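For the sequence shown, the working numbering gives the first residue as 40, with consecutive numbering after it.
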Amino acid sequence: MSKRAKISMIILLSVVILLILLAGALFTASGVFKKAKYLDPWKRDYVDQFKDPRVKLAAYGLLAPNGHNLQPWKIRLDKQNPLKFSLYTDSSRLALESDPVARQTMVSQGTFLEYLRVGGEQLGYRAAIRLFPEGEYDEQKLSGSMDQKPVAEITLSKAQPAANPLFDYMFLPDTNRMAYKPDPLTAEQRQRLEQTNADGALKLIFLDAPEDIKKLGEYSLEGTDIETGLKRMNDESADIFRSNESQKNKYRSGFSFEGQGTTGVKKHLLQGMITIVPSFNNEEASTKLAVDAARTAAEHSPAYALILSKDNSRTSQVKAGMLYSRLLLAGHEQGLVMQPLSQVLEEYPEMKAPYTRIHQEYAPGGETIQFLIRLGQPAQDTPLSMRREVTDLIAD
Numbered sequence: 040m041s042k043r044a045k046i047s048m049i050i051l052l053s054v055v056i057l058l059i060l061l062a063g064a065l066f067t068a069s070g071v072f073k074k075a076k077y078l079d080p081w082k083r084d085y086v087d088q089f090k091d092p093r094v095k096l097a098a099y100g101l102l103a104p105n106g107h108n109l110q111p112w113k114i115r116l117d118k119q120n121p122l123k124f125s126l127y128t129d130s131s132r133l134a135l136e137s138d139p140v141a142r143q144t145m146v147s148q149g150t151f152l153e154y155l156r157v158g159g160e161q162l163g164y165r166a167a168i169r170l171f172p173e174g175e176y177d178e179q180k181l182s183g184s185m186d187q188k189p190v191a192e193i194t195l196s197k198a199q200p201a202a203n204p205l206f207d208y209m210f211l212p213d214t215n216r217m218a219y220k221p222d223p224l225t226a227e228q229r230q231r232l233e234q235t236n237a238d239g240a241l242k243l244i245f246l247d248a249p250e251d252i253k254k255l256g257e258y259s260l261e262g263t264d265i266e267t268g269l270k271r272m273n274d275e276s277a278d279i280f281r282s283n284e285s286q287k288n289k290y291r292s293g294f295s296f297e298g299q300g301t302t303g304v305k306k307h308l309l310q311g312m313i314t315i316v317p318s319f320n321n322e323e324a325s326t327k328l329a330v331d332a333a334r335t336a337a338e339h340s341p342a343y344a345l346i347l348s349k350d351n352s353r354t355s356q357v358k359a360g361m362l363y364s365r366l367l368l369a370g371h372e373q374g375l376v377m378q379p380l381s382q383v384l385e386e387y388p389e390m391k392a393p394y395t396r397i398h399q400e401y402a403p404g405g406e407t408i409q410f411l412i413r414l415g416q417p418a419q420d421t422p423l424s425m426r427r428e429v430t431d432l433i434a435d
């Protein structure tokens with residue numbers, strides 16, 4: 040071997056070693072070898088460690104979709120009645136910038152209650168749910184009122200275990216932000232989804248005409264553009280972004296790369312990069328990622344659904360969340376996935392114009408649009424998101 044060839048070989052070997060060391064540093068910083076404790080609540084046998092049926096059912100509720108994945112729930116166990124407990128809003132887990140009036144927080148209470156109810160049927164407990172037993176909140180003292188007044192009082196009664204057809208689907212990821220297949224909803228799928236609103240207390244509308252798909256996609260993009268253009272919104276999102284496995288195990292709530300469908304080697308490389316050099320995850324980069332994801336979603340959505348309420352009371356908000364959980368689980372049963380598009384429905388000054396327009400067009404009777412949802416068949420799977428320990432939800 041010539042001297043030049045030897046030098047080239049040494050350089051190549053050095054580069055390979057350097058790349059291996061760099062990859063090792065990135066994977067180590069990401070926490071590739073750490074156990075993902077934040078996924079434990081998704082395991083089917085997670086509830087088996089608890090004897091109290093109220094805690095078991097709360098563990099099922101914990102899997103419910105919720106705004107910003109903040110999991111804003113607290114439960115108080117009745118000390119006299121072992122089959123009674125109350126659900127409270129956790130006022131320390133509010134997204135005050137993007138959800139200043141806590142509407143998304145309240146629909147998240149409803150999603151929790153419906154998952155809890157479905158899980159109870161499977162275990163042989165009928166859950167009687169009484170909303171706002173002490174009245175709705177004092178809006179002038181909202182945070183304190185949330186701490187004092189329960190969202191719901193839940194009383195269990197023993198019953199024969201009944202296999203709820205929706206139970207198995209609670210263990211699937213609740214939100215898929217990826218592109219969907221172009222296939223339209225079938226008549227059978229739509230009929231099954233419509234059955235979730237059997238009592239008719241809310242309005243459930245499906246939209247798949249080309250003009251509606253185009254228009255609602257534009258609303259989604261406009262809402263994303265406005266939100267990502269506001270520093271306070273980006274700061275709020277950055278505060279709840281978990282950049283590596285250690286953070287995810289510590290906080291077990293908020294956002295992570297999995298939310299955009301990033302898994303495997305790519306996830307650990309990205310986590311390692313921003314852990315070592317946090318500036319990689321700057322406002323410009325995160326904004327571009329959010330806008331690109333919104334554009335992809337808008338271009339690959341075969342259908343939308345709206346959930347509307349006659350008013351915007353706290354009770355209506357909670358009921359809308361309960362309906363959304365039924366809709367989501369029935370959708371999973373039919374091979375469908377969903378994504379709530381929250382931005383254009385948010386209530387802060389900069390969003391007022393598109394918020395007003397979408398309500399004029401799609402809620403001309405003066406209703407409140409509680410959910411704008413894209414739905415369809417998944418083109419790719421999405422990972423499970425972080426969940427807290429159910430025992431962390433139990434208040435004194």
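Quick reminder that beta carbons are idealized off the backbone N, C-alpha and C, glycines included.
Keep in mind the model is a prediction, meaning the values are calculated, not measured.
Once DSSP output is grouped into helix, strand and coil, what is the label at residue i?
| i | result |
| --- | --- |
| residue 139 | coil |
| residue 377 | strand |
| residue 144 | helix |
| residue 343 | strand |
| residue 85 | helix |
| residue 401 | helix |
| residue 176 | coil |
| residue 424 | coil |
| residue 454 | The requested residue 454 does not occur in the structure, where the chain is confined to residues 40 to 435. |
| residue 392 | helix |
| residue 238 | coil |
| residue 387 | coil |
| residue 74 | coil |
| residue 289 | helix |
Do you know offhand how far residue i's Cα is from residue j's?
| i | j | result |
| --- | --- | --- |
| residue 128 | residue 153 | 15 Å |
| residue 228 | residue 416 | 11 Å |
| residue 94 | residue 435 | 14 Å |
| residue 163 | residue 199 | 5 Å |
| residue 266 | residue 121 | 45 Å |
| residue 73 | residue 378 | 29 Å |
| residue 269 | residue 275 | 10 Å |
| residue 347 | residue 400 | 13 Å |
| residue 318 | residue 283 | 15 Å |
| residue 243 | residue 151 | 20 Å |
| residue 291 | residue 41 | 57 Å |
| residue 182 | residue 249 | 42 Å |
| residue 211 | residue 202 | 17 Å |
| residue 313 | residue 306 | 11 Å |
| residue 170 | residue 217 | 35 Å |
| residue 330 | residue 262 | 10 Å |
| residue 365 | residue 316 | 42 Å |
| residue 80 | residue 427 | 7 Å |
| residue 293 | residue 383 | 20 Å |
| residue 253 | residue 178 | 37 Å |
Would you kindly report the start and end of the unbroken alpha helix (DSSP H) that includes residue i?
| i | result |
| --- | --- |
| residue 185 | 181 to 187 |
| residue 413 | Run containing residue 413: none in the alpha helix (DSSP H); it sits in the beta strand (DSSP E), 407 to 415. |
| residue 433 | Unbroken run through residue 433: none, as it is neither H nor E. |
| residue 333 | 322 to 338 |
| residue 259 | 249 to 267 |
| residue 355 | 353 to 372 |
| residue 232 | 226 to 233 |
Going by beta-carbon coordinates alone, are residue i and residue j separated by less than 8 Å?
| i | j | result |
| --- | --- | --- |
| residue 418 | residue 223 | no |
| residue 303 | residue 424 | no |
| residue 412 | residue 344 | yes |
| residue 167 | residue 159 | no |
| residue 110 | residue 126 | no |
| residue 124 | residue 132 | no |
| residue 103 | residue 86 | no |
| residue 281 | residue 259 | no |
| residue 409 | residue 356 | yes |
| residue 176 | residue 339 | no |
| residue 100 | residue 155 | yes |
| residue 322 | residue 273 | yes |
| residue 232 | residue 369 | yes |
| residue 76 | residue 241 | no |
| residue 146 | residue 360 | yes |
| residue 140 | residue 386 | yes |
| residue 238 | residue 367 | no |
In the DSSP assignment, the beta strand (DSSP E) including residue i goes from what residue to what residue?
| i | result |
| --- | --- |
| residue 192 | 191 to 197 |
| residue 167 | 164 to 170 |
| residue 242 | 242 to 246 |
Per DSSP, which residues does residue i bridge with? Please list them.
| i | result |
| --- | --- |
| residue 99 | DSSP lists no partner for residue 99. |
| residue 123 | 194 |
| residue 113 | 127 |
| residue 294 | 280 |
| residue 219 | 417 |
| residue 348 | 407 |
Within 8 Å (strictly less), CB to CB, does residue i reach chain D?
| i | result |
| --- | --- |
| residue 345 | You won't find chain D in this structure, because it holds only one protein chain. |
Can you determine whether any heavy atom of the ligand MN sits closer than 7 Å to the C-beta of residue i, and answer yes or no?
| i | result |
| --- | --- |
| residue 146 | Within the structure as shown, the ligand MN is missing, as the structure has no ligands at all. |
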